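Worksheet: one structure, shown below.
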Amino acid sequence: MNWGHKIGLVYVGFVVFMLTLVVLCIKQKDIFLVTENYYSDELAYETRIQKVKNANALGKDLQILVKDDVDSVYLDLTKQSIGSTGSVVFYRPSSEKMDYKIPMNLDYNGQQRIYTGKLAGGLWTVKLEWEKAGQQYYKEEKIQL
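With my numbering, you'll find the sequence shown wraps up at 393, consecutive numbering, no jumps.
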């Protein structure tokens, strides 16, 4: 076999490899955008930065604690946050169908327990967004269930 045949075999092998990749990509059905409204979310990013700064100004008391033994996540915010209105979103990067949103409902200690037994195991991002006295706050943390 001369060098011309070898170059031809390499070229044919490359074409077969590329066609295989194209067929695999076309068959893939679970393609998700990070969010449905990614463009408007990107435009609102500056306001999110200000909300994060507001939350950081509250101090290091803001915590998201995972308790595996009772299948729960505990939100531990400051006492200043009592009476806030907001939401807690459990965001699943691998599938938007698994996202879970509940209202924030803090007790008299500034804490909230959220049952996570029905959520699938794996990587989640907990997104807290709340408001009190016209001031808006945001905190995000990755957890493993």
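Beta carbons are placed, not taken as given, at the ideal position from N, Cα and C, and that holds for glycine. Small disclaimer: the values here were computed from a predicted structure and weren't measured.
- When C-beta atoms of the stretch 353-362 are compared with those of the stretch 291-308, fewer than three pairs fall below 8 Å, so the two segments do not count as touching.
- The straight-line gap separating the alpha-carbon atoms of residue 382 and residue 291 is approximately 21 Å.
- Shown here, residue 289 sits in a helix according to DSSP, grouped into three states.
- Under the three-state reduction of DSSP, residue 335 is assigned to strand.
- Between residue 393 and residue 386 a beta carbon distance of about 22 Å is seen, past the 8 Å cut, so the two are scored as non-contacting.
- Here residue 296 carries a helix assignment [DSSP, helix/strand/coil].
- Take residue 384, set aside five residues on each side of it, and the residues of its chain with a beta-carbon closer than 6 Å to its own are 299, in chain order.
- When the Cα atoms are used, residue 340 and residue 286 turn out to be separated by approximately 16 Å.
- The beta carbons of residue 337 and residue 362 sit no closer together than 8 Å.
- A residue is called buried once 16 or more other Cβ atoms fall within 10 Å of its Cβ, and residue 288, having fewer, is exposed.
- Put simply, the backbone Cα of residue 274 is about 11 Å away from that of residue 267.
- Across the structure, residue 258 and residue 265 are spaced so that their CA atoms are roughly 10 Å apart.
- In the DSSP annotation of this structure, the continuous segment of the alpha helix (DSSP H) that includes residue 270 starts and ends at 251-275.
- Per DSSP, reduced to three states, the secondary structure at residue 380 is strand.
- Non-local beta-carbon contacts of residue 378 in its own chain, meaning distances under 6 Å to residues more than five positions away in sequence, involve 332, 334, 352, 385 in chain order.
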